[in-house]
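The structure under discussion appears below in the form of structure tokens.
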């Protein structure tokens, strides 16, 4: 009783393991849409010497003037820089630097005379510069508590672990906590103009407007307690180890005291590179016709509190005017002139190529 | 039974007890152990799914790598949070697991359907319904008509009187004709009480050997669902690049760690007073510290191989495959189906195919024989429908009353009677025969008025033209065999005439007929053969009574011989089949699939080698190859078959050796070097299954172990290769051999039947044709298409585009992450090698997920650097991307250099700017996060614009996504920096972006650096060889005219036939 026909009918009963395109075994006729048939209307640009050529010339023609403008602008910016690290015996700050100790209660003062060859018109910006100071070290960058700085009471009492080892002393929270705050730059720089008639006139330095507006007004907030008195709010916290004064005594002006002290805010914006400058003071232009800083002799008086010798760092004071593009930096001008010239040059090269071999290329591509 | 089987007793044989009743003769009965009849194609069970799947997933090097990174992030204090790599990894693993789980569930269902199939088992005289999986070796089964054999069987009893059954082996070898099988002799007794043992060989892959015993019935090939996992070239590139990048990361991390400790060794650097370590950090071991630092660096640089690339590639493949199933060109109105994509992992492999292995029956041909024409005494008769073109051959009032009627009526009728009598066709609701050709011939004769009515107790009945029934007594059938290549019948007519009719291949008939008749016919036969028709010659012979008696006794004697029966029979056959009269020849067409020839020509034009692997006879297969223009008129055929091995006085092995060396000399050694291909001779190679197994198995016996090598080299130097009489597993063997040959070329198998499954599974890309022969091939394929002609667009169109797309995708990903991470690396030199990230964590995470992922995804889905029409028209374009052209060293180096250049420009451009960080017009200074944000902004814009430069096909989606991404970046940056986020520990980016935009210098530097970065790219695009579609076309034309041999354009087959006809006939 061996019946006998092998048929493949059985196969149809099986389910096909279908991939993404499968869906069902018997799919319907595919829709004839431009998308599904890969026939979407498309723009097919082709870059050829002919089309790129004008672009190169235009770029060249725009970039070179901009570059020249930038370069000139940068050159017109007046900048004066003085290194007062004091590692050299001849330096006025040598003694202060050499005798530095964290235990010194009295600050060491040194005076550095200098001369401006040119008058500084308009506002003059006073920077302090540090070298070989790794504000961008990972351990350093993360050693802060932004929520504490934003005025959060809980964080004030219990700083984040990121602040270690500058989070607390003897179970008392440090405010502001962290390595950044702890190492805040605390040299005091003052300027005197030595009048030709012999008197030394102090130059008024504005200490506001040096930090980002949003930092000063939103990101950094003093904690608001029941008491409007800052001293009371910071009750129960201790000052950072290396500070001379607690945070609520940074300035007498209540709008520039505590966490919203602008010197502090500027310091808290960590620098990108180990050599950096930070805005310290602004010398506002007076309403008279006289330049802000006339030509002549000046004295820089430094309250030397900030040690840098241990890590071979350097300290500088910089006086600079500012243009629309910021401080003095010839790089942008040079970059623009270079790129502009390169483009222009390539434009010329392409023009030659285009003229010599262009006809062939053209016939190949124009039809598209 | 016993005598024939005992001869086979070898070491590897197995003994089976029929009905589980041991032979009493056996001294000891050891219950033999055989495996059960269950089919398991599923991979997992409920219990082992999770561990097994996870294990398999993490065996992929990329997943494992990401797992390690994630673990490092969890354990070690690293600059970025573990979430950045953990979340995407978790996502990828989960999605993959769900997908694989679902697919396995489907496989379980399919398995169960087969395993739970009810079969009838005879046990102790009772019929018992059993599930198919519970069949044991030795069970006696009862199979009804039209049922599938649930396992391999031995035919013990049949319901037919003559103890035969008809079987189609469509799912084994693709031949859908009926094969006759006989019951085992001496089992006429009641099967229920049968007591027998069977000794047989161990299972073996050579189908034709085991098909030999005519009473063995084979079960449909057991299929294992082992689909290839992923595209080879991309995976190789993936792995290669991941390893390369891994090395880069390692070396970068090593450099940084070393530098860090060098830097720290200077006094006051490691721990200046302003930056003291915590107590814990101080206490940890120096070496442990070094190791953690090393790991931290690795985590920091690991973004160079983002998990997202993995996700993007998977997405591209998944979404990209929709375009194949959506393509309306693949839709076949006959079966109302389009293409089916079973695996989306192989889209790009379609653009890399070097070898195509195609099945013949049902794939190249429709397996639908049709009688085309015949020639009687040198006069051509062509049958035409009345509707067809009216010419001299048109038949209106009866087929033979034509103008061209030149042969005598008697000769015509003799010829038609020969067609009607000389065959082994059975009549049963139409004709059934072991060869479709015979059916076509009988049907052809029917159209001319002679109808075969059937065979009844040795009497053949024919309805002739005048509607009379003619009776012939069938005396002997001299069966067809491949060596003789002809068959004959001896019949006796009513009038007592004894006639021998013989039909066979021209080469075997011509020497046996009167020579003067040959020439008239030969011309026709040759022309028909070149047209791709299957030709047969028909001859007859009168036998006198004495002659017949002699033949009759000779045949009877030979049939009864116990030894050398085959040879003795052959001798008698040869003796009888001589001195015949040639009547005519027939031409039967195995109709080719639509556009088969055009498709094959396009594939060859694309530099793809086409191999035909078929279970069919050599002659048939050869004529098909001619018809699809795989072999051309000027192709020199090298044959390595049983026939060419038959050589007097020589052992087959020696002959094989000689032939191999000869062919090798011809094709490999004497071939002109590749450059001067112009005039080189086209070779076609023909090999059959038996010879192939000799070649492949020779290694162990002989010291001539290089047969396989020789063989492969010959094959690779031939334009087309034809392998006939292949068992399914031999097909797979061939594919495997080529796949593993030097340079491991990408192989593609295409077939429609279950017999092709093994080669479909073996090849890199398996394509199933939704043909008539069941769904096995489709189910096991990677892609299924309704017709062979669709292969052209699948490879030349879709394959090409997908390859370009994904190659670009992968390269671009490495490029964009190289210039993403390089500034990060450089920054370490300026921050005391402290692993400080340059970019904010949000940017690090979002870069690959949001800011730069969509444009490349859109590119990799929609790009058409050359339009599909152009790709289809110019098959040679396919050669340009061959051998993984876009992922080789050259392009990879280019992308790497570009990435390095961009990274350097970004970092140092901004570095120069930051030599004075007072960048605002109010004198305020920028910090490290501004630095990172400026670099990042330049990065995002440059990388996106670079892609814009590469995009040749801008659809609205590309526009939307490219400009949208940039807009999103700006929007996100504002948003991210505009709010004090309560969940963040540090508000690093608070208003950093807005402040950056308020600085003119930042704007200027961003613009100039983007332009500077893109300049070389623009120059490269402008100055490289013209690559516009039209320029390409020119290139193609020039090369086609010059270097490459011009391929004959695809003319319609019919036109060609006529023009060639005029060549030969006139």
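Residue numbers (the numbering used here), protein chains in the order written: chain F, 3 to 370; chain Z, 23 to 1088. For glycine and all other residues, C-beta sits at the position ideal for the given N, C-alpha and C. All figures in this text were calculated on a predicted structure; none of them were measured in a lab.
Contacting residues, own chain, Cβ-Cβ under 8 Å from residue 313(F) (five flanking each side not counted): 134 and 135
Would you kindly check if the distance between the Cβ of residue 1041(Z) and the Cβ of residue 334(F) is under 9 Å? no
Under the three-state DSSP convention, the category residue 169(Z) falls into: coil
Check for me: the beta strand (DSSP E) holding residue 907(Z) runs from which residue to which? Taken as a continuous stretch (DSSP letters only), residue 907(Z) belongs to no beta strand (DSSP E), as it is neither H nor E.
Chain Z beta carbons: is any one of them nearer than 9 Å to that of residue 293(F)? no
With 9 Å set as the bound, which would you pick, yes or no: does the beta-carbon of residue 942(Z) sit closer than that to a beta-carbon of chain F? yes
Residue 786(Z) - DSSP class collapsed to helix/strand/coil: coil
Taking the CB atoms as reference points, tell me whether residue 207(F) and residue 285(F) lie closer together than 9 Å. yes
What is the DSSP secondary structure of residue 14(Z), reduced to helix, strand or coil? With chain Z represented from 23 up to 1088, any question about residue 14(Z) goes unanswered, as that position is not in the structure.
For residue 562(Z), which residues does DSSP report across the bridge? 523(Z) and 603(Z)
Does residue 977(Z) have its Cβ less than 9 Å from a Cβ in chain F? yes
CB residue 299(F) to CB residue 246(F), shorter than 9 Å? no
So, helix, strand or coil for residue 768(Z), using DSSP? strand
Might you give, ordered along the chain, the residues of its own chain that have their beta carbon closer than 7 Å to the beta carbon of residue 121(F), omitting 5 neighbours on each side? 293, 295, 296 and 297
In angstroms with no decimal places, state the Cα-to-Cα distance between residue 1034(Z) and residue 927(Z). 8 Å
The beta strand (DSSP E) with residue 710(Z) in it runs from where to where? 705 to 710
Within chain F, the residues that residue 1043(Z) reaches when beta carbons sit closer than 7 Å: 49
What residue does the alpha helix (DSSP H) around residue 458(Z) start on, and which one ends it? 458 to 469
Sequence-distant residues of its chain with Cβ nearer than 8 Å to residue 164(F) (five each side left out): 144, 145, 146, 147 and 180
I think residue 806(Z) touches residue 386(Z), with their Cβ atoms under 8 Å apart; what is that distance to the nearest whole Å? Their Cβ separation, rounded to whole angstroms, is 17 Å, which puts residue 806(Z) and residue 386(Z) out of contact at 8 Å.
Give a yes or no on whether the C-beta atoms belonging to residue 213(F) and residue 257(F) are separated by under 9 Å. no
Reduced DSSP category for residue 943(Z) - H, G, I as helix; E, B as strand; rest coil: coil
Chain-order list of residues whose beta-carbon lies under 7 Å from that of residue 855(Z) (same chain, five-residue window excluded): 278, 281, 282 and 285
Contact criterion: CB-CB distance below 9 Å. Does residue 864(Z) meet it with respect to chain F? no
Give the DSSP-derived three-state secondary structure of residue 737(Z) in the structure shown. helix
Cβ neighbours of residue 587(Z) in the same chain (closer than 8 Å, five flanking residues each side left out): 580 and 581
Does residue 853(Z) come out as helix, strand or coil in the three-state DSSP assignment? coil
My assumption, with CB atoms under 8 Å, is that residue 596(Z) sits in contact with residue 535(Z). Please give the rounded CB distance. With a Cβ gap of about 14 Å, residue 596(Z) and residue 535(Z) do not count as contacting.
Mind the definition here: the region 647 to 655 of chain Z touches the region 622 to 632 of chain Z only if three or more C-beta pairs lie below 8 Å; say whether that holds. yes
Integer Cβ distance of residue 321(F) from residue 82(F), believed to fall under 8 Å: 4 Å
If you reduce the DSSP assignment to three classes, tell me which class residue 175(F) lands in. strand
Shorter than 9 Å from the beta carbon of residue 147(F) to some beta carbon of chain Z? yes
At the 9 Å Cβ level, is residue 349(Z) part of the contact set with chain F, yes or no? yes
Assigned secondary structure, residue 110(F) (DSSP; H/G/I helix, E/B strand, else coil): strand
Please compile the residues from chain Z whose C-beta is within a distance smaller than 7 Å of the C-beta of residue 341(F). 1030, 1033 and 1034
Tell me whether residue 427(Z) sits in a helix, a strand or coil according to DSSP, three-state version. Because the pLDDT at residue 427(Z) is just 48, under 50, the model does not fix this residue reliably, and the point stays unresolved.
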